[in-house]
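S.K.: Here it is, the structure, as structure tokens.
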Amino acid sequence: MIKGVFLDFFHSVSIILILIAALVLSQLARKALNRYARTTSRNIRINPTTFSFLKNAISFVIFAVAIILVIHLIPGLEKLATTLWASAGILSVVIGLATQQTFGNIVSGIFIVIYKPFRIGDSIQLPNGRHGIVEDITLQFTVINNAENRHIIVPNSVITRDYIINSTIIDDKVCNQIDIKIVTTDIDRAMNLLKEIAIAHPDFYDASVIEEKDEILPKITPVLVQVIDLADSWITLRLSVWCRSSAKAFSMKSDLLLEIKKRFESEGIKI
Numbered sequence: 006m007i008k009g010v011f012l013d014f015f016h017s018v019s020i021i022l023i024l025i026a027a028l029v030l031s032q033l034a035r036k037a038l039n040r041y042a043r044t045t046s047r048n049i050r051i052n053p054t055t056f057s058f059l060k061n062a063i064s065f066v067i068f069a070v071a072i073i074l075v076i077h078l079i080p081g082l083e084k085l086a087t088t089l090w091a092s093a094g095i096l097s098v099v100i101g102l103a104t105q106q107t108f109g110n111i112v113s114g115i116f117i118v119i120y121k122p123f124r125i126g127d128s129i130q131l132p133n134g135r136h137g138i139v140e141d142i143t144l145q146f147t148v149i150n151n152a153e154n155r156h157i158i159v160p161n162s163v164i165t166r167d168y169i170i171n172s173t174i175i176d177d178k179v180c181n182q183i184d185i186k187i188v189t190t191d192i193d194r195a196m197n198l199l200k201e202i203a204i205a206h207p208d209f210y211d212a213s214v215i216e217e218k219d220e221i222l223p224k225i226t227p228v229l230v231q232v233i234d235l236a237d238s239w240i241t242l243r244l245s246v247w248c249r250s251s252a253k254a255f256s257m258k259s260d261l262l263l264e265i266k267k268r269f270e271s272e273g274i275k276i
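Okay, so the sequence shown: first residue is 6 according to the working numbering, each after it adds one.
Structure (structure tokens):
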């Protein structure tokens with residue numbers, strides 16, 4: 006009986022020590038990687054997406070080994086664990102677990118890091134219309150910070166299963182489109198006012214200015230005002246204007262709407 010109590014106490018202490026060791030080792034590994042990144046970033050450009058995923062992967066491996074050790078220490082589970090790993094083999098166990106949702110997320114996370122449909126810091130939009138900045142890519146989830154400073158947690162298997170809109174990759178410029186219905190006979194004056202308001206905005210991007218090295222690119226009209234609809238009592242104009250950054254596109258559109266309202270009222274143009 007005393008021997009049994011001693012073994013139970015030994016197992017309990019061992020489990021606690023293993024978990025503490027895993028936690029400490031995980032933190033030390035992450036700190037070591039951060040230190041390595043700081044010392045080498047001056048000479049080597051480190052991809053933050055790959056680096057973040059690597060830290061999470063190392064922590065996962067450490068805790069996975071700790072859990073396996075804990076299972077071997079728990080009476081009744083040791084034989085089950087030994088049988089599982091010995092009879093099925095490590096490869097077949099991993100493949101079997103990968104079909105489950107948890108390991109499906111891990112596999113999807115690896116694909117995100119390899120193929121890079123988006124990276125940490127990219128501005129993306131999900132199929133449900135939610136958009137924000139990619140803050141982190143873990144083994145299980147992708148963390149997105151939206152304009153309200155809310156964190157959207159999306160499983161990796163979900164975000165790779167459907168399409169996303171990446172506003173940052175390759176080119177960060179965005180074309181804002183604003184539709185305005187006006188009741189006026191002075192259409193030319195209204196169209197010129199829209200152009201003036203757009204060009205005066207601090208985030209306006211003159212997309213027609215193309216450097217010599219980019220001569221092969223088609224020339225883009227920086228501000229375009231078009232008539233898109235006609236009715237008996239009103240006309241619809243569409244303002245298309247380029248913003249220098251996708252992160253500022255929404256605030257730019259809001260500013261333009263407010264300024265259009267003020268300027269049109271002062272000019273006697275009814276909207």
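Idealized CB from N, CA, C, for every residue including glycine.
Below 7 angstroms CB to CB, which residues in the same chain sit around L263 once its five sequence neighbours on both sides are set aside?
M.R.: none
S.K.: Ordered along the chain, which non-local residues of its own chain (more than five positions away) have a Cβ less than 6 angstroms from that of A34?
M.R.: I63
S.K.: Measuring CA to CA, which of L131, L24 and W239 is closest to S172?
M.R.: L131
S.K.: Short check: CB of F58 to CB of V118, under 7 angstroms?
M.R.: yes
S.K.: Just the C-alpha distance for V159 and E140, rounded to the nearest angstrom, thanks.
M.R.: 12 angstroms
S.K.: What number of angstroms, rounded off, separates the C-alpha of F123 from the C-alpha of T107?
M.R.: Annotation: F123 to T107 spans about 21 angstroms, alpha carbon to alpha carbon.
S.K.: Around the Cβ of L22, are there at least 16 other Cβ atoms within 10 angstroms (buried) or fewer (exposed)?
M.R.: exposed
S.K.: Near D260, what residues of its chain come up, given a Cβ to Cβ distance below 7 angstroms and the 5 sequence neighbours on each side ignored?
M.R.: H206
S.K.: Just to confirm the assignment, what range does the beta strand (DSSP E) spanning K258 have?
M.R.: Looking at the DSSP string, K258 is not in any beta strand (DSSP E); the run it does join, the alpha helix (DSSP H), is A254 to S271.
S.K.: Helix, strand or coil for D234, going by three-state DSSP, please let me know.
M.R.: strand
S.K.: Is it buried or exposed for N39, if we count other Cβ within 10 angstroms and need 16 for buried?
M.R.: exposed
S.K.: Confirm, please, whether the CB-CB distance from I164 to V75 is below 7 angstroms.
M.R.: Not closer than 7 angstroms, so no.
S.K.: Quick check on the DSSP output: the alpha helix (DSSP H) that includes N161 runs from which residue to which?
M.R.: N161 to I164 is the span of the alpha helix (DSSP H), which, as asked, contains N161.
S.K.: In chain order, which alpha helix (DSSP H) runs of at least 4 residues are fully inside the region 113-168?
M.R.: 161-164
S.K.: Reducing DSSP to helix, strand and coil, say where D193 ends up.
M.R.: helix
S.K.: What number of angstroms, rounded off, separates the C-alpha of I265 from the C-alpha of G137?
M.R.: 27 angstroms
S.K.: Among the candidates E153, V179, V188 and I72, whose CA atom is the shortest distance from the CA of G273?
M.R.: V188
S.K.: Exposed or buried, which one is N110 when buried takes at least 16 other CB atoms within 10 Å?
M.R.: buried
S.K.: Check T107 in the structure and name its three-state DSSP category.
M.R.: helix
S.K.: Here's the rule I'm using: 16 or more other beta-carbon atoms within 10 Å means buried, otherwise exposed. How should L198 be labelled?
M.R.: buried
S.K.: Tell whether a beta-carbon distance below 7 angstroms holds between V179 and S251.
M.R.: yes
S.K.: Taking the straight line between their C-alpha atoms, what separation do you get for V232 and N161?
M.R.: 43 angstroms
S.K.: Pull up the distance between the alpha-carbon of F209 and that of R155, whole angstroms please.
M.R.: Cα-Cα distance, rounded: 28 angstroms.
S.K.: So, helix, strand or coil for K60, using DSSP?
M.R.: helix
S.K.: Measuring straight from C-alpha to C-alpha, what distance separates M257 and Q145?
M.R.: 35 angstroms
S.K.: K186 by DSSP, collapsed to three states: which one?
M.R.: strand
S.K.: Using alpha carbons as the reference points, say which of N181, D193 and N133 lies closest to V167.
M.R.: The residue asked about is misnamed: residue 167 is Asp in this sequence, not Val. Of the listed residues, the one whose Cα sits closest to D167 is N133.
S.K.: Going by DSSP in three states, K178 sits in which element: helix, strand or coil?
M.R.: DSSP places K178 in coil when its eight states are reduced to three.
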